[in-house]
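Under this note's numbering, the first residue of the sequence shown carries the number 369, and numbering increases by one thereafter.
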Amino acid sequence: MNPLDYQAPSDLLSTRVIAITGAGDGIGKEAALTFARHGATVILMGRTVAKLEKVYDTIVSEKLAEPAIYPIDFFGATEADYIDMCNRIDEAFGKLDGILFNAALLGDRTPLENYSADTFARVMQVNVNAPFLMAKSLLPLLRKSDGASLVFTGSSVGYKGRAYWGAYAISKAAAENLMQTLADEEDGTSKVRANSINPGGTRTKMRAKAYPAENPADVKAPSVLMPAYLYLMGQDSKHVNGQQIDASGK
Ligand code: NAP
369 MNPLDYQAPS
379 DLLSTRVIAI
389 TGAGDGIGKE
399 AALTFARHGA
409 TVILMGRTVA
419 KLEKVYDTIV
429 SEKLAEPAIY
439 PIDFFGATEA
449 DYIDMCNRID
459 EAFGKLDGIL
469 FNAALLGDRT
479 PLENYSADTF
489 ARVMQVNVNA
499 PFLMAKSLLP
509 LLRKSDGASL
519 VFTGSSVGYK
529 GRAYWGAYAI
539 SKAAAENLMQ
549 TLADEEDGTS
559 KVRANSINPG
569 GTRTKMRAKA
579 YPAENPADVK
589 APSVLMPAYL
599 YLMGQDSKHV
609 NGQQIDASGK
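1) Please identify the residue among N482, F461, L506 whose C-alpha is closest to the C-alpha of D449.
2) Since R561 sits in a beta bridge, which residues does DSSP pair it with?
3) Using a threshold of 7 Å, state whether the C-beta atoms of A596 and R571 are closer than that.
4) Count the other C-beta atoms from every protein chain shown that fall within 10 angstroms of the C-beta of G392, then say buried if there are 16 or more, exposed otherwise.
5) Output the distance between the C-alpha atoms of K419 and E398, rounded to the nearest integer angstrom.
6) When DSSP builds the beta bridges, which residues end up paired with G466?
7) Go through its chain and collect everything with a Cβ distance to A404's Cβ below 8 Å, but skip five positions before and after it.
8) Do the region 371 to 387 and the region 574 to 587 make contact, defined as three or more Cβ pairs closer than 8 Å?
9) Taking only heavy atoms of the ligand NAP into account, decide whether any of them is closer than 6 Å to the Cβ of I565.
10) Would you list the residues sitting across from P439 in a DSSP beta bridge?
11) Closest to W533 by CA distance: which of L474, I457, D604 is it?
12) At the level of alpha carbons, what is the spacing between L546 and A485?
13) Under 7 Å between the Cβ atoms of F500 and F469?
14) My assumption, with CB atoms under 8 Å, is that P567 sits in contact with L593. Please give the rounded CB distance.
15) Is the beta carbon of V494 less than 7 Å from the beta carbon of F443?
16) Sort G414, G390, D604 by Cα distance to S517 and report the nearest one.
17) Does at least one heavy atom of the ligand NAP sit under 6 Å from the Cβ of L344?
18) For the beta strand (DSSP E) containing D614, list its first residue and its last residue.
19) Quick one: which unbroken alpha helix (DSSP H) runs of 4-plus residues sit fully inside the region 539 to 586? Chain order, please.
20) Please report how far the alpha carbon of V417 lies from the alpha carbon of G522, in whole angstroms.
21) Any heavy atom of the ligand NAP closer than 6 Å to the CB of K588?
22) For E447, which of T402, A471, M502, K422 has the nearest alpha-carbon?
23) Determine which residues share a DSSP beta bridge with K397 and list them.
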């Protein structure tokens, strides 16, 4: 079955508590709304609170499970902040059933020879170090779930490096390896699984920044991807671990 053709039952994620990073915009916003519409209690994480509040308001207006807003800047957050996050989610919900690692920075589109060391460090911090620290710190809480799903967000330039994509491509390759390492360590525990999805070209602000000359109408909407996101987050994929789902052909 192609995960993009998955047909999720409407209660797929009922009783599940799921954190989404970068939930205020783009693919993360669509995923947060979609998970909530399939029964999940979603924890909306991101740095622009006004955007998270809009997503929160939409979910509440649809009378879905009340979400939570968790403001965080993944550039500045330290390990202590993620340990605090673990404790606060534990106090509020007593468990965590899934994380969609979605927030990312594009950085510069320029040859490595010209690439700013500062931008390189920022992109690696948000796209690699932050998911590592968050996954590491939240694992004890994830193990309280009867089957937690970690979904990382890949990219075609992370599968194979490409000229002028700089830190973004390198960070996405590292995030794939982080997913695989976690998946291998958790393999057989049936408590936590990890997989990744490469959305491929999708109509968001990041895409518009990367391809300014492109007509956004020619690029698929985030909603097209949601069957695969639901598949990976729900229990129908509980046997799937360490897999890379490539949705770039859609
Ligand atoms: P987007 O519209 O730019 O959304 C990115 C989200 O991440 C935003 O909500 C942003 O918050 C958040 N974020 C960025 N830096 C952050 C930080 N330091 N702290 C907290 N939140 C931060 O991008 P998107 O296209 O939806 O991308 C979602 C994921 O898909 C990314 O991992 C991206 O690499 C991947 N992807 C996208 C495409 C595509 O064509 N769109 C293709 C392949 C892979 P603000 O709103 O506050 O900026």
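Note that beta-carbon positions come from the ideal geometry of N, C-alpha and C, so glycine has one too.
According to the data block:
1) Here the question's residue 449 lines up with position 81 in the sequence shown. Looking at the Cα atoms, L506 is the closest of the given residues.
2) Residue mapping note: residue 561 aligns to position 193 of the sequence shown, counting from 1. Answer is S517, bridged to R561.
3) The sequence position of residue 596 within the sequence shown is 228, counting from 1. The sequence position of residue 571 within the sequence shown is 203, counting from 1. Going by C-beta atoms, A596 is not nearer than 7 Å to R571.
4) What you label residue 392 is simply residue 24 of the sequence shown in a count that begins at 1. Label assigned to G392: buried.
5) Working through the sequence shown from its first residue, we reach residue 419 at position 51. Working through the sequence shown from its first residue, we reach residue 398 at position 30. In this structure, the alpha-carbon of K419 lies about 12 Å from that of E398.
6) Working through the sequence shown from its first residue, we reach residue 466 at position 98. As DSSP reads the structure, G466 sits in a beta bridge with I386, S517.
7) As a working mapping, residue 404 is identified with position 36 in the sequence shown. Within the same chain, Cβ atoms closer than 8 Å to the Cβ of A404 are found at V410, I427, E430, L432, A433, P435, the five residues on either side in sequence being excluded.
8) Contact between the region 371 to 387 and the region 574 to 587 is absent, because fewer than three Cβ pairs lie under 8 Å.
9) Position 197 of the sequence shown, counting from 1, holds the residue named residue 565. No, Cβ of I565 sits at least 6 Å from all heavy atoms of the ligand NAP.
10) Translated into the one-based positions of the sequence shown, residue 439 becomes position 71. G414, per the DSSP bridge assignment.
11) Within the sequence shown, the letter at position 165 stands for residue 533. Out of L474, I457, D604, L474 has the C-alpha closest to the C-alpha of W533.
12) Reading the sequence shown from its first residue, position 178 is the one you call residue 546. Reading the sequence shown from its first residue, position 117 is the one you call residue 485. Approximately 22 Å between the Cα atoms of the pair.
13) Taking the first residue of the sequence shown as 1, we reach residue 500 at position 132. Taking the first residue of the sequence shown as 1, we reach residue 469 at position 101. No, these two residues do not count as a Cβ contact at 7 Å.
14) As a first step, residue 567 must be located in the sequence shown, where it is residue number 199. As a first step, residue 593 must be located in the sequence shown, where it is residue number 225. About 5 Å separates the two Cβ atoms, so the contact holds.
15) One-based indexing of the sequence shown puts residue 494 at position 126. One-based indexing of the sequence shown puts residue 443 at position 75. Contact flag set, yes.
16) Counted from its first residue, the sequence shown places residue 517 at position 149. It is D604 whose Cα lies nearest to the Cα of S517.
17) Any answer about residue 344 is impossible in this case: the structure gives the chain only from 369 up to 618.
18) Indexing the sequence shown from 1 puts residue 614 at position 246. 612 to 614 is the span of the beta strand (DSSP E), which, as asked, contains D614.
19) Runs of the alpha helix (DSSP H) inside the region 539 to 586: 573 to 578.
20) For the purposes of this step, residue 417 is taken as the residue at position 49 of the sequence shown. For the purposes of this step, residue 522 is taken as the residue at position 154 of the sequence shown. Computed Cα separation, rounded: 25 Å.
21) Along the sequence shown, read from residue 1 onward, the residue named residue 588 stands at position 220. Outside the cutoff, so no.
22) Looking up residue 447 in the sequence shown gives position 79. Comparing Cα positions, the closest option is M502.
23) The residue given as residue 397 occupies position 29 in the sequence shown. As computed with DSSP, K397 is found in no beta bridge at all.
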